[in-house]
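Here is the structure we will look at, set down as structure tokens.
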Amino acid sequence: MLSTIKRSLPLQLLTAAIMAWFFATIIPTVANITEPVTEQAWYQLILLGKTTYIGLLKMIIGLVVMLSLMQGITNIGSTLKLKTLGVSTLIFYSLTSIIAISLGLGAALLMPEWQPLVEPVTVADHIRLIEQDTVTGSSITAKLLAMALVNPFSALVNGNLLAIVLFSLLFSVSLLLSLPPKHVVFDVIEGLNKGLNKLVQGIIRLAPIAVFAIVFEFTIRGNTGLFGQLALFALLVFVLTLIHGLIVLPTLAKIFTGIKFSTLFKAISAPLAMAFATSSSSATLPLSMQAAEKELGISQSTSSFVLPLGAVMNMDGTALFEGVAAIFLAQLFGIDLSTTGIVMIFIMAMVSSVGAPGMPSGSMSGMQLVMLAAGIPLEGIAILLIIERPLDTFRTAVNVEGDLVAALVVDKWQQNKS
Numbered sequence: 001m002l003s004t005i006k007r008s009l010p011l012q013l014l015t016a017a018i019m020a021w022f023f024a025t026i027i028p029t030v031a032n033i034t035e036p037v038t039e040q041a042w043y044q045l046i047l048l049g050k051t052t053y054i055g056l057l058k059m060i061i062g063l064v065v066m067l068s069l070m071q072g073i074t075n076i077g078s079t080l081k082l083k084t085l086g087v088s089t090l091i092f093y094s095l096t097s098i099i100a101i102s103l104g105l106g107a108a109l110l111m112p113e114w115q116p117l118v119e120p121v122t123v124a125d126h127i128r129l130i131e132q133d134t135v136t137g138s139s140i141t142a143k144l145l146a147m148a149l150v151n152p153f154s155a156l157v158n159g160n161l162l163a164i165v166l167f168s169l170l171f172s173v174s175l176l177l178s179l180p181p182k183h184v185v186f187d188v189i190e191g192l193n194k195g196l197n198k199l200v201q202g203i204i205r206l207a208p209i210a211v212f213a214i215v216f217e218f219t220i221r222g223n224t225g226l227f228g229q230l231a232l233f234a235l236l237v238f239v240l241t242l243i244h245g246l247i248v249l250p251t252l253a254k255i256f257t258g259i260k261f262s263t264l265f266k267a268i269s270a271p272l273a274m275a276f277a278t279s280s281s282s283a284t285l286p287l288s289m290q291a292a293e294k295e296l297g298i299s300q301s302t303s304s305f306v307l308p309l310g311a312v313m314n315m316d317g318t319a320l321f322e323g324v325a326a327i328f329l330a331q332l333f334g335i336d337l338s339t340t341g342i343v344m345i346f347i348m349a350m351v352s353s354v355g356a357p358g359m360p361s362g363s364m365s366g367m368q369l370v371m372l373a374a375g376i377p378l379e380g381i382a383i384l385l386i387i388e389r390p391l392d393t394f395r396t397a398v399n400v401e402g403d404l405v406a407a408l409v410v411d412k413w414q415q416n417k418s
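For the sequence shown, counting from 1, position 149 maps to 149 in the working numbering; every step adds exactly one.
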């Protein structure tokens, strides 16, 4: 049994999570602790596992995205093949996002309406809201451009994945157009990637320790009691997310590649577990790339292009959540959404999910754009924050699953074309 766990990362993550829950449950009742558990030195020591793992990933994630994309693009060999791969990727990402948003909006509109609020909602002082008069189509475009068009070194320092992706795409295409296929620069990029991948493999070995710390903290703090009066909304989002993750995405993978549901989930179980534990698609990216190439047999040129791009552009779970949340908040505030309002929610959920930070609760800024487009008061953010964090774990896992399924499908399309 121990040898099986030692060989299987998903089993290690599951074992770590169960052990963390068990110890966090019994320690407060068995140990004679007079002070709160969260103030104990040993509790802070446990949390170092989470801090170390997330910190190491933050340290390298920008380089992972940049070098992976650069190698993926330069390995393609020609701008014509790159165009084909890029178009295929964008088509599939758009397809899954449209399905996710349609599923969320359709289910939310068919549900019985939630009762309007009778008391005003106040927003905590530390929550920054977007100015309503600055949100237009042009200002949103300007905001995305401002995020993307920055110094690449600044983007690496600040973890601005959208800017990193754009620079990597432009610079890699320029290298393809200006250098011969066997140039030493391409060998340097490949060598740097090999070294970085070896570092990533070492960091991934710490994943069970990080999961233990995360689950332990979550259980000790009692975050499961956050649902309260939002239970129905949380349940709806949870069920829809499961439908998209367990039925829609695997069905698309089955239709386009013929892979069995069981084979797919066995291959991607480790990155899904990590995405669930960390609520960060960016932090899961190294593990996703490893699973794509070793477990699903996806070519490196495809995985190193599709997956980093997906960590920035493909947020199925986030888009679904924003659609359902917009309908939920509109009904709470007594706003009668017209067809135009619903269409605006659909469009803004698509737009705002692109470039959303791949970190915990990274969708809240995008959620504000959706709310403003539908005329929903931004005070509603205070309501969502009560329940958003627990739900974030599930939708992040679906985001990562969508990236992996996209890589699998696009790789199959590329094989059929060659």
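Note that CB positions come from ideal geometry on N, CA and C, so glycine has one too.
Can you list, in chain order, the residues of its chain with a C-beta nearer than 7 Å to that of residue i? Leave out the 5 residues immediately preceding and following it.
i    : result
E401 : G245, L249, I268, L272
A330 : L337, A374, I376
T284 : P271, M274, A275, T278, V400
L307 : L285, S288, M289, A292, D403, A407
N416 : none
V370 : E322, A326, I345, M348, A349, S352
L384 : A325, M367
D133 : Note that D133 scores a pLDDT of 49, beneath 50, so its modelled location is shaky and nothing firm can be said.
Could you pull the start and end residues of the alpha helix (DSSP H) that residue i belongs to?
i    : result
G374 : Note that residue 374 is Ala in the sequence shown here, rather than Gly. Neither: A374 is in no alpha helix (DSSP H) and is coded neither H nor E.
G323 : 316–332
M289 : 281–294
P180 : Premise fails: P180 is in no alpha helix (DSSP H) and is neither H nor E.
E190 : 184–204
N158 : 152–158
L236 : 231–243
S301 : 300–313
M111 : No alpha helix (DSSP H) contains M111, which DSSP labels as neither H nor E.
K266 : 261–278
I247 : Where I247 is concerned, there is no enclosing alpha helix (DSSP H), given that its DSSP letter is neither H nor E.
Going by the beta-carbon positions, is the gap between residue i and residue j smaller than 8 Å?
i    : j    : result
I101 : A319 : yes
A148 : L176 : no
P286 : I204 : yes
V65  : I189 : no
V398 : L85  : no
A20  : F276 : no
F394 : T241 : yes
S304 : S68  : yes
V237 : L391 : yes
Q71  : N193 : yes
S172 : I73  : yes
L214 : K50  : Per the sequence shown, the amino acid found at residue 214 is Ile instead of Leu. In contact: I214 and K50 (Cβ atoms closer than 8 Å).
S280 : T89  : no
T219 : T52  : no
K412 : T263 : no
Q414 : T340 : no
L103 : I243 : yes
I61  : S282 : yes
Within its chain, find whatever has a CB closer than 6 Å to the CB of residue i; leave out the 5 residues flanking it on each side and keep chain order.
i    : result
N151 : none
A155 : A163, I164
F261 : P250
A107 : L240
L105 : G323
E295 : A267
E119 : Residue confidence is low: E119 scores 46 on pLDDT, short of 50, so the model does not pin down where it sits. No coordinate-derived value is stated.
Taking 8 Å as the limit between beta carbons, can you name the residues of its chain near residue i, skipping five residues before and five after?
i    : result
T96  : V248, L249, L252, N314, D316, G402, V405, A406
F23  : F216
H126 : Residue placement at H126 is flagged as unreliable, the pLDDT there being 43, under the threshold of 50; the coordinate-derived value follows with that caveat. None.
A210 : G49, K50, T52, Y53, I54, A277, T278
L109 : I327, I342
L14  : A273
F212 : A16, A17, M19, A20, I46, G49
Q300 : Q71, G72, N75, E293
Quick one: does residue i have its CB under 8 Å from some CB of chain C?
i   : result
Q71 : Reference to chain C is not applicable here, since this structure consists of a single protein chain.
*Is it true that the segment 327–340 meets the segment 307–317, where meeting means three or more beta-carbon pairs spaced less than 8 Å apart?*
The segment 327–340 is not in contact with the segment 307–317.
*Determine contact between the segment 283–291 and the segment 188–208, defined as no fewer than three beta-carbon pairs at a distance below 8 Å.*
Remark: three or more beta-carbon pairs, one from each stretch, lie closer than 8 Å, so the segment 283–291 and the segment 188–208 are flagged as touching.
*Pair every Cβ in the segment 181–188 with every Cβ in the segment 54–68, then say whether three or more of these pairs are closer than 8 Å.*
Contact between the segment 181–188 and the segment 54–68 is absent: fewer than three C-beta pairs spanning the two stretches fall below 8 Å.
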